[in-house]
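K.L.:
In the working numbering, the protein residues as written are 1460 to 1723. Every residue, glycine too, gets a C-beta built ideally from N, C-alpha and C. The model shown is predicted, which means the values in this text are computed figures rather than measured ones.
1. Pull the bridge partners of residue 1514 from the DSSP assignment, please.
2. Starting from the C-beta of residue 1596, find all residues in its chain whose C-beta is less than 7 Å away, skip the five residues before and the five after it, and write them out in chain order.
3. Using CA atoms only, rank isn't needed, just tell me which of 1699, 1637, 1680 and 1614 is closest to residue 1657.
4. Using a Cβ-Cβ cut-off of 8 Å, state whether residue 1645 counts as contacting chain D.
5. Could you check what DSSP says for residue 1569 in three-state terms: helix, strand or coil?
6. Mind listing, in chain order, the continuous beta strand (DSSP E) runs of no fewer than 3 residues lying wholly within the segment 1630-1679?
7. Quick check on this structure: which residue in 1569, 1611, 1535 and 1702 has the alpha carbon closest to the alpha carbon of residue 1551?
8. Helix, strand or coil for residue 1580 per DSSP?
9. Helix, strand or coil, according to DSSP, for residue 1611 in the structure here?
10. Flag this pair as touching only if the segment 1531-1544 and the segment 1584-1602 have three or more C-beta atom pairs under 8 Å; answer yes or no.
11. Which of the three DSSP states, helix, strand or coil, is assigned to residue 1602?
12. Alpha carbon to alpha carbon, how far is residue 1568 from residue 1516?
13. Would residue 1518 pass as a contact of residue 1694 if the rule is Cβ separation under 8 Å?
14. Can you find the residues in the same chain that come closer than 7 Å, C-beta to C-beta, to residue 1556, ignoring five residues on each side of it along the sequence?
15. Less than 8 Å between the beta carbons of residue 1779 and residue 1633, yes or no?
16. Taking all protein chains shown into account, do 16 or more other C-beta atoms lie within 10 angstroms of the C-beta of residue 1636, making it buried, or fewer, making it exposed?
17. Spell out the partners DSSP gives residue 1575 in its beta bridges.
18. May I have the straight-line CA-CA distance separating residue 1646 from residue 1535, to the nearest angstrom?
19. Could you check what DSSP says for residue 1522 in three-state terms: helix, strand or coil?
20. Give me the Cα-Cα distance between residue 1665 and residue 1522, rounded to the nearest whole angstrom.
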């Protein structure tokens, strides 16, 4: 199936971004995070976090796999363990391929021994509202059973092609379903609304630079960096013992040259 292969354009990293671009963008990142931190969402502060985060496990699809690159650098700079099991062409807990994912997911979560599991809703989270609710509830039970907290993060908006168009109603519904599941587990689950980073619709260029891939799905280094800076600030709010490293410590550590970033 064509959709199992990540959709990327034909651009090159060299054409897309230089180290200088991320450096010059740091001031914008700081301004963005300040603005985003004032926006409300369904998350509540976990006053039991104490010493902060010991390890974060990141789940999602190929969009999350790209975001995991700066996240790994940022968490390392912040002294926090980080592992990504985001999957190209899958990584979802409901919809196509999810049955295969569930065969291994509980063991992956348990063996990782995370303090927090972050699940970025995927472009494959298809199904009825009941199916989504059951899957998100199963994920919550699995995560809390491993002694961790669950944080849902909404996915960036996409520019749907013919493959995705029939499933947009399910994708548009998924954040509210996740909020309903989290609302029934206060102190154990939260939902972070990443529209503070991406806006309500797909936007390829932001501040004169490529933010999202031309394929309409994935992120470019600038977008992944902005998302990372925002997410770390949100986690610091949720878990007061966690102090994220400054963007200067991780934004230009080489991850932006990864070949995952195409179509930028």
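P.N.:
This is what the structure holds:
1. 1540
2. 1640
3. 1614
4. In summary, chain D is missing from the structure at hand, where a single protein chain is found.
5. helix
6. 1648-1651
7. 1611
8. coil
9. strand
10. no
11. helix
12. 8 Å
13. no
14. 1549 and 1583
15. This structure leaves residue 1779 out entirely; the chain is present only between 1460 and 1723.
16. buried
17. 1515 and 1608
18. 26 Å
19. helix
20. 18 Å
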